[in-house]
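Chemist: Residue numbers (the numbering used here), protein chains in the order written: chain A, 12 to 313; chain B, 33 to 396. Every residue, glycine too, gets a C-beta built ideally from N, C-alpha and C.
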Amino acid sequence: MDAITADDVHKSYGSIKAVDGISFKVQKGEVYSFLGPNGAGKTTTVEMLEGLRKADRGEIRVLGEEPWHEASKLGRTVGVMPQDFRFIERITSREAIRYYCSLFSVRDKTKELLSLVDLEEVQNVQFQNLSGGQKQKLGICLALINDPELIFLDEPTTGLDPKARRKIWDLIRKLKDEGKTVILTTHYLEEAEMLADRVAIMDHGKIIAEGSPGEIINRMGKGRKLTVPYGEKLQEYLSKDLKLDCNRTGDSISVSIHSNKDVINILDFAEKNGIELTSLSLKEDTLEDIFVDLIAEKEGTS
Amino acid sequence: MKIRNIIADLKIYSRNYMRSNTAIFFVFIFPLVLMLLFGSIFSGSTTSAVPLYVQNMDNSGNMSNTFIETLNSTHFVDIHMIPDNVNIQAYISQHSITAALYIPSNFSSSYNTGNHVSLVYYNNPAVSTSSVAQQAISVTVELFNSHFASQNQTIAVASTSVTTHAASYVDFMIPGLIGLVILTSPMFSMTYIVSSYKKEKIFRQLSLTPLTRSEWFLSKFVWYLFISALSAIMIIAVGVLLFHSSISLNIYVVPFLAIGVFMFTSLGILAGSVSKSEESASVIGNIITFPMMFLSGTFFPIEIMPTWLQSIAHVLPLYYIIDGLNSITIYSNFNSATLDFIVSVAVAAVIFALSVYSFRWKEE
Ligand SMILES: Nc1ncnc2c1ncn2[C@@H]1O[C@H](COP(=O)(O)OP(=O)(O)OP(=O)(O)O)[C@@H](O)[C@H]1O
Ligand SMILES: [Mg+2]
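As structure tokens, then:
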């Protein structure tokens, strides 16, 4: 069953088309990630799903409800950690969590939530005096108060230290294991590649690629790349004889290879011509490579 | 509407509030400072002539006019006339008069024929100035009676007690300062809170919880009612203990406190909601608050202001709150207080409706 369906959704702020006709579906239990450069429309999209913004056009269903009008109903089963989370300035983390627990009529979860994100040490510090990362962690705690079945995390790891990021990753994995649906916005492609079942790459308000990280890499990746030291003879052999796509950057050439045979040929050629291969690496395109290519392509055409 | 949510929000809000020094300053320190300042400046001053209200029913002869002129020439009293077509007792209570003299219609004819005639002196014996007026009347009566060789008392004066009493400056200051607190404590905070919560997207955050806007509003109302009441108790205590104010306390102060706090909590929300930024909210808040703070009878009774300023005062909602509090605590005039209360409720209802209309937790 689908946790979320969006069909031809549009949203403009004045003349800015923040979201320009996107459609997608998220299944229950899935971790679905939005990727895209700054201003791509990720937050706007997520906020429309959360019922915090009204779509200009298009149809959205979240857990079967229309989110803008049914926001308070959805609030009981949905958890939201907004980008740039803010809270009442002179209230401590502990008080904030207690407050949410009583509003949601759930038992006091202060202890477990604080330890979940390592906030115990500063639980009595007023919100205005928390560090940026600590504020964000509180935002995550508040999103989990009602034990939601659908959780929106808008850039939860931005600005966190490496240890804290790992904790959040573990948390997302744990949520997934519990069968929850997670919508994750991030700028860290390895994070999406590692955690998400499917990703949607957005740019200028449109989804320009969607699928599991593996699918996207297979479909859009330029295959494997072999990097060898630059040499005039070698370059000629690669492009003229093997007819491979070569790209020289500084002292090295990166070659898109089609099969293992190409690698053997290249090594053979080097051996026969006495070319010293001081460095050699074989690498498959990552989501990041595709992301950069995709965005660059877009910039080039527009 | 859930009481549980209101209590949870009240807890959080009061904590946040009590941790702010400026808020505490405006509710507790500021009125106290004003009171000590104005109280010591004005408490020494007394008026020289005692106001005496006279109703002259005798329009057949001119003896009564001579009597009033003589009374006036004593310079102890400052004479004001009561129209002859009103009920004097009602007039006294409506206008909070502490000394009034009734001259019956047969005054001239009786005096001229040497027949007995009785004047009625309405006064509040508890008010110190009432004996001054009484002295002036006795002197004048004696003068008139001495005309008759027989020395029999043609004119007699019957005294009747009334409960109204004249107010001192501190008496005015107490309801005025309570009005000030009712105005400033919710107004300043609510304009700020609403505009900053909007900017920091805290309302949006709250919209994701089961807390509703009306629960949030009610918790603010309860909180400001509570601290305004505390502040009012403090003001009254200082007024009575330090400045020997003789205002009469009674339960009818509470509805004015409640409707006032309700009105200005709504007005603060309205001002915060319509403004685009925190800066413009504070400007709008000040434009609303400051004229009201000075022109509604907070620091002095509006009767001493020029008439055009008085007419401005009559369109300021705080005026009706303070006038009502004055009527209750100083004049014990409940008819006038009831009218003030009705006006306040109507104004509050309009402001509340506008604030409900403009107060949004999330933007489209
Ligand atoms: N409240 C707003 N008013 C006007 N324009 C807005 C508003 N919010 C967003 N925008 C514009 O809409 C576009 C999309 O913004 P959005 O916040 O959705 O991007 P994003 O993908 O989340 O970016 P980031 O990665 O920086 O968080 C941007 O061009 C932004 O300037
Ligand atoms: Mg964003």
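#1: Thinking C-alpha only, which one of Ile301/A, Lys272/A, Lys244/A and Glu295/A is nearest Asn286/A?
#2: To the nearest angstrom, how far is the alpha carbon of Ser280/B from that of Asn155/B?
#3: In the DSSP assignment, the alpha helix (DSSP H) including Val382/B goes from what residue to what residue?
#4: Return the residue from the list Pro78/A, Thr297/A, Leu125/A and Leu288/A that minimises the CA-CA distance to Thr238/A.
#5: Looking at the secondary structure, which residues open and close the beta strand (DSSP E) in which Lys294/A lies?
#6: Just reading off the beta strand (DSSP E) that Phe163/A is part of, what are its end residues?
#7: Taking C-beta pairs closer than 7 Å, name the residues in chain B that Gly86/A reaches, listed in chain order.
#8: Only counting runs of 3 or more residues, tell me where the beta strand (DSSP E) segments fall wholly within the region 103–155 of chain B, in order along the chain.
#9: Taking beta-carbon pairs under 8 Å, can you tell me which members of the region 48–61 of chain B lie near chain A?
#10: Answer with yes or no whether the minimum CB distance from Asn358/B to chain A is below 9 Å.
#11: Quick one: which unbroken alpha helix (DSSP H) runs of 4-plus residues sit fully inside the region 90–144 of chain A? Chain order, please.
#12: Below 8 Å between beta carbons is the criterion; list the residues of the region 329–354 of chain B that meet it against any residue of chain A, in chain order.
#13: Provide the residue span of the beta strand (DSSP E) that contains Ile206/B, from first to last.
#14: Using 10 angstroms around the beta-carbon of Ser277/B, count the other beta-carbons present and answer buried if the total reaches 16, otherwise exposed.
#15: Starting from Arg259/A, follow its DSSP beta bridges and name the residues at the other end.
#16: Near Thr297/B, which residues of its chain fall below 7 Å by C-beta distance, leaving aside the five closest residues on each side in sequence?
#17: Got a sec? Which residues, its chain only, sit under 8 Å from Lys394/B by beta carbon, not counting five neighbours each side?
#18: Check Ala211/A in the structure and name its three-state DSSP category.
#19: Which runs of the beta strand (DSSP E), 3 residues or longer, sit entirely within the region 253–306 of chain B?
#20: Is Thr16/A near Phe35/A, with beta carbons less than 9 Å apart?
#21: Given this structure, state the Cα-to-Cα distance separating Glu100/A from Met295/B, to the nearest angstrom.
#22: Check whether the Cβ of Lys92/A sits closer than 8 Å to any heavy atom of ligand 1, and report yes or no.
#23: Are three or more beta carbon pairs between the region 69–85 of chain A and the region 123–140 of chain A nearer than 8 Å?
#24: What does the Cβ neighbour count give for Lys53/A, buried or exposed, with the cut at 16 atoms within 10 Å?
#25: Between the Cα of Met12/A and the Cα atoms of Gln38/A, Asn229/A, Asp304/A and Arg259/A, which residue gives the shortest distance?
#26: Go through its chain and collect everything with a Cβ distance to Arg47/B's Cβ below 6 Å, but skip five positions before and after it.
#27: Out of Met33/B, Pro83/B and Asp116/B, which has the shortest C-alpha to C-alpha gap to Asp90/B?
#28: Check distances from the C-beta atoms of the region 63–83 of chain A to those of chain B and list, in chain order, the residues that come in under 8 Å.
#29: I'd like to know whether the C-beta of Pro93/A is nearer than 9 Å to at least one C-beta of chain B.
#30: Taking the straight line between their C-alpha atoms, what separation do you get for Lys84/A and Ser113/A?
#31: Using a Cβ distance threshold of 8 Å, determine whether the region 206–213 of chain B contacts the region 262–271 of chain B, with at least three qualifying pairs required.
#32: Can you look up Thr169/A in the DSSP assignment and give me helix, strand or coil?
#33: Asn187/A to Lys230/B, Cα distance in whole Å?
#34: Looking at the structure shown, is Asp67/A part of a helix, part of a strand, or coil, going by DSSP?
#35: Rounded to a whole number of angstroms, what is the C-alpha to C-alpha distance between Tyr248/A and Gly261/A?
#36: Would you call Thr78/B buried or exposed, if buried means 16 or more other Cβ atoms sit within 10 Å of its Cβ?
Modeler: On the basis of the coordinates in this document:
#1: Mapped onto the first sequence, residue 286/A falls at position 275. Per the sequence shown, residue 286/A should be read as Ile rather than Asn. If you compare the alpha carbons of Ile301/A, Lys272/A, Lys244/A and Glu295/A with that of Ile286/A, the shortest gap goes to Lys244/A.
#2: Here residue 280/B refers to the residue found at position 248 when the second sequence is read from its first residue. Here residue 155/B refers to the residue found at position 123 when the second sequence is read from its first residue. Computed Cα separation, rounded: 18 Å.
#3: As a first step, residue 382/B must be located in the second sequence, where it is residue number 350. Segment Phe366 to Ser390, the alpha helix (DSSP H) holding Val382/B.
#4: Start at 1 with the first residue of the first sequence, and residue 238/A comes out as number 227. Among Pro78/A, Thr297/A, Leu125/A and Leu288/A, the Cα nearest to that of Thr238/A is on Leu288/A.
#5: Position 283 of the first sequence, counted from the first residue, corresponds to residue 294/A. Counting along the chain, the unbroken beta strand (DSSP E) around Lys294/A starts and ends at Ser292 to Glu295.
#6: Here residue 163/A refers to the residue found at position 152 of the first sequence. That run of the beta strand (DSSP E) goes Leu161 to Asp165.
#7: In the first sequence, counting from the first residue as 1, residue 86/A sits at position 75. Correct list: Leu240, Thr241 and Pro242.
#8: 109–114, 131–135 and 149–155
#9: Asn48, Arg51 and Ser52
#10: Along the second sequence, read from residue 1 onward, the residue named residue 358/B stands at position 326. Not an interface residue.
#11: 104–114 and 121–127
#12: none
#13: Your numbering for residue 206/B matches position 174 in the second sequence. Per DSSP, Ile206/B belongs to no beta strand (DSSP E); it is in the alpha helix (DSSP H), Tyr201 to Lys231.
#14: Here residue 277/B refers to the residue found at position 245 when the second sequence is read from its first residue. Under this definition Ser277/B is a buried residue.
#15: As a position in the first sequence, residue 259/A is number 248, starting the count at 1. According to DSSP, which records beta bridges pairwise, Arg259/A is partnered with Ile264/A.
#16: Position 265 of the second sequence, counted from the first residue, corresponds to residue 297/B. Setting aside the 5 residues that flank it on each side, Thr297/B is surrounded in the same chain by Pro218, Met222, Lys252, Phe253 and Tyr256, each with a C-beta closer than 7 Å to its C-beta; the list follows chain order.
#17: To locate residue 394/B, count along the second sequence from 1; it is residue 362. Contacts found: Phe235, Arg236 and Ser239.
#18: As a position in the first sequence, residue 211/A is number 200, starting the count at 1. Strand, per DSSP.
#19: none
#20: Numbered from 1 along the first sequence, position 5 holds the residue referred to as residue 16/A. Numbered from 1 along the first sequence, position 24 holds the residue referred to as residue 35/A. Yes, these two residues count as a Cβ contact at 9 Å.
#21: Position 89 of the first sequence, counted from the first residue, corresponds to residue 100/A. Position 263 of the second sequence, counted from the first residue, corresponds to residue 295/B. Cα-Cα distance, rounded: 26 Å.
#22: Taking the first sequence and counting its residues from 1, one reaches residue 92/A at position 81. It is Met, not Lys, that sits at residue 92/A in the sequence shown. No.
#23: no
#24: Residue mapping note: residue 53/A aligns to position 42 of the first sequence, counting from 1. Residue burial annotation: Lys53/A is buried, with at least 16 other C-beta atoms found within 10 angstroms of its C-beta.
#25: To locate residue 12/A, count along the first sequence from 1; it is residue 1. Minimum Cα distance to Met12/A is reached at Gln38/A.
#26: Your numbering for residue 47/B matches position 15 in the second sequence. Taken in chain order, the list of residues that qualify is empty.
#27: For the purposes of this step, residue 90/B is taken as the residue at position 58 of the second sequence. Among Met33/B, Pro83/B and Asp116/B, the Cα nearest to that of Asp90/B belongs to Asp116/B.
#28: Under the 8 Å Cβ criterion, the region 63–83 of chain A contributes Leu63, Arg64, Lys65, Ala82 and Ser83.
#29: Within the first sequence, numbered from 1, the residue matching residue 93/A stands at position 82. Yes, contact with chain B.
#30: The residue you call residue 84/A lines up with position 73 of the first sequence. The residue you call residue 113/A lines up with position 102 of the first sequence. Computed Cα separation, rounded: 17 Å.
#31: yes
#32: Start at 1 with the first residue of the first sequence, and residue 169/A comes out as number 158. Reduced to three states, the DSSP call for Thr169/A is coil.
#33: Mapped onto the first sequence, residue 187/A falls at position 176. Mapped onto the second sequence, residue 230/B falls at position 198. The residue you asked about is not Asn; residue 187/A is Lys in the sequence shown. Roughly 33 Å between the two C-alpha positions.
#34: Translated into positions along the first sequence, residue 67/A becomes position 56. Correct three-state label for Asp67/A: coil.
#35: Taking the first sequence and counting its residues from 1, the one referred to as residue 248/A is at position 237. Taking the first sequence and counting its residues from 1, the one referred to as residue 261/A is at position 250. Distance between the alpha carbons of Tyr248/A and Gly261/A is about 18 Å.
#36: Here residue 78/B refers to the residue found at position 46 when the second sequence is read from its first residue. Any reading at Thr78/B must be qualified, since the residue scores a pLDDT of 49, below 50, and its modelled position is unreliable; the value itself is stated next. Thr78/B is exposed by the Cβ-count criterion.
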